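In short: position in the sequence shown from 1, add 589, done, that's my numbering. For glycine and all other residues, C-beta sits at the position ideal for the given N, C-alpha and C. Quick caveat: nothing in here was measured; it's all calculated off a predicted structure. Here is the structure we will look at.
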Amino acid sequence: MVAVRWHPPVDVPADPPPALGAARHRSRSALERLLLAPADEAAWDDLAMVYDQQAADWDEWAAAQPTYLAPVAAGLARVGPAAWAVEVACGSGQATPLLAAAADRVVATDVSLAMVRDAPPLPRTSYAVADVRRLPFATGSVPLLLALNAVPHAAEFDRVLSPGGRLLWCSSFGPETPLYVSPERFLTMLGPPWRADAGRAGHGEWLLLSRGSSGG
């Protein structure tokens with residue numbers, strides 16, 4: 590088992606993270622059901638419904654969280670140039686501009702059409718409505734994959750990533766994020782062989798995973 594190498598925290602605010610009731614949140618309940626039973630279609634449908642319902646207010650709410658993107662920025666700072674990149678669970682595109690600045694081309698995906706249609710137009714960036722369980726990319730084709738506050742699907746991530754591909758897994762508020770899988774738990778889900786670096790930024794966490802010897 591590969592251990593997670595933790596780096597010193599950066600930009601951690603003195604104020605506590607927002608009180609989201611993560612442990613009792615509807616999203617957390619559905620996520621835990623999926624981690625135990627990935628074929629639980631009712632749990633997948635429940636999650637999709639939650640974020641469809643939140644789409645109208647999502648931009649305004651996310652913009653009011655000053656450290657929302659800090660883990661993405663910190664993680665991407667450790668990623669070298671990428672010819673292209675995929676974002677899963679892009680929502681209405683909060684993290685997409687950061688990814689677009691780090692890759693020559695970006696495809697940002699989310700299962701919620703209501704979210705994706707509010708995403709900002711960006712150069713060399715396209716959006717697609719796609720289920721994380723069935724990503725529309727060829728096996729072994731994606732050099733960089735970003736997920737912020739996402740539902741994991743380890744088998745599909747493993748399928749689409751290229752040899753030496755990198756996976757940046759982030760949460761905006763660490764354990765206080767309703768959709769939260771700890772770096773250690775996520776690494777266990779993926780299995781070998783991965784190189785794992787992680788850190789805390791703002792109120793959240795980032796985990797950068799690289800296959801084999803091509804480090805992140």
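### Task
Might you give, ordered along the chain, the residues of its own chain that have their beta carbon closer than 7 Å to the beta carbon of G804, omitting 5 neighbours on each side?
Within the sequence shown, numbered from 1, the residue matching residue 804 stands at position 215. The predicted model places G804 with a pLDDT of 37, which falls under 50 and marks its position as unreliable; any figure quoted below should be read in that light. Correct list, in chain order: R784.
### Query
Taking the Cβ atom as the reference point for each residue, do L711 and A689 lie within a distance shorter than 7 Å?
Here the question's residue 711 lines up with position 122 in the sequence shown. Here the question's residue 689 lines up with position 100 in the sequence shown. In this structure, A689 lies closer than 7 Å to L711 by Cβ.
### Task
Identify the continuous beta strand (DSSP E) that holds G793 and give its terminal residues.
To locate residue 793, count along the sequence shown from 1; it is residue 204. Segment 793 to 800, the beta strand (DSSP E) holding G793.
### C-beta atoms of V731 and V675 nearer than 7 Å
Counting from 1 along the sequence shown, the entry for residue 731 is found at position 142. Counting from 1 along the sequence shown, the entry for residue 675 is found at position 86. Closer than 7 Å, so yes.
### Task
Compute the beta-carbon to beta-carbon distance between W633 and G788, rounded to the nearest angstrom, for a pair I have assumed lies under 8 Å.
On the sequence shown, residue 633 is found 44 positions in, with the first residue counted as 1. On the sequence shown, residue 788 is found 199 positions in, with the first residue counted as 1. That pair is no contact at about 30 Å.
### Query
Mind checking E630: buried by the 16 CB within 10 Å criterion, or exposed?
For the purposes of this step, residue 630 is taken as residue 41 along the sequence shown, with counting starting at 1. With fewer than 16 other Cβ atoms within 10 Å, it is exposed.
### Reduced DSSP secondary structure (H/G/I, E/B, other) of L750
By 1-based counting over the sequence shown, the position of residue 750 is 161. The answer is strand: DSSP assigns L750 an E or B state.
### Query
Apart from the five residues on each side of it in sequence, which residues of its chain come closer than 7 Å, Cβ to Cβ, to D648?
Taking the sequence shown and counting its residues from 1, the one referred to as residue 648 is at position 59. Excluding its 5 nearest sequence neighbours in each direction, D648 has C-beta neighbours in its own chain below 7 Å: S681, D707, listed in chain order.
### Task
Could you check what DSSP says for A684 in three-state terms: helix, strand or coil?
Walking along the sequence shown from the start, residue 684 turns up at place 95. Three-state result, A684: coil.
### Buried versus exposed, by CB contacts within 10 Å (16 or more), R800
By 1-based counting over the sequence shown, the position of residue 800 is 211. With 16 or more other Cβ atoms within 10 Å, it is buried.
### Message
Helix, strand or coil for L734? Go by DSSP, reduced to three states.
### Response
By one-based count along the sequence shown, residue 734 stands at place 145. DSSP places L734 in strand when its eight states are reduced to three.
#### Entry: Rounded straight-line distance, which links the Cα of D693 to that of L636
By one-based count along the sequence shown, residue 636 stands at place 47. By one-based count along the sequence shown, residue 693 stands at place 104. Those two C-alpha atoms are separated by around 31 Å.
### Task
Can you grab the Cα-Cα spacing for the pair D720 / V599, in whole Å?
Numbered from 1 along the sequence shown, position 131 holds the residue referred to as residue 720. Numbered from 1 along the sequence shown, position 10 holds the residue referred to as residue 599. Looking at the two C-alpha atoms, the distance is approximately 32 Å.
### Query
Looking only at its own chain, which residues have a Cβ that is under 8 Å from the Cβ of P602, when we skip the five neighbours before and after it?
In the sequence shown, the residue the question calls residue 602 occupies position 13. Answer for P602: P655, T656, G791, H792, listed in chain order.
### Opposing strand residues paired with R755 [DSSP bridges]
Counting from 1 along the sequence shown, the entry for residue 755 is found at position 166. Looking at the DSSP assignment, R755 forms a beta bridge with L733, S799.
### Message
If I measure Cβ to Cβ from A619 and keep anything under 7 Å in the same chain, skipping five residues before and after, which residues do I get?
### Response
As a first step, residue 619 must be located in the sequence shown, where it is residue number 30. For A619, where only same-chain residues beyond five positions count, the Cβ hits under 7 Å are A632, D635, L636.
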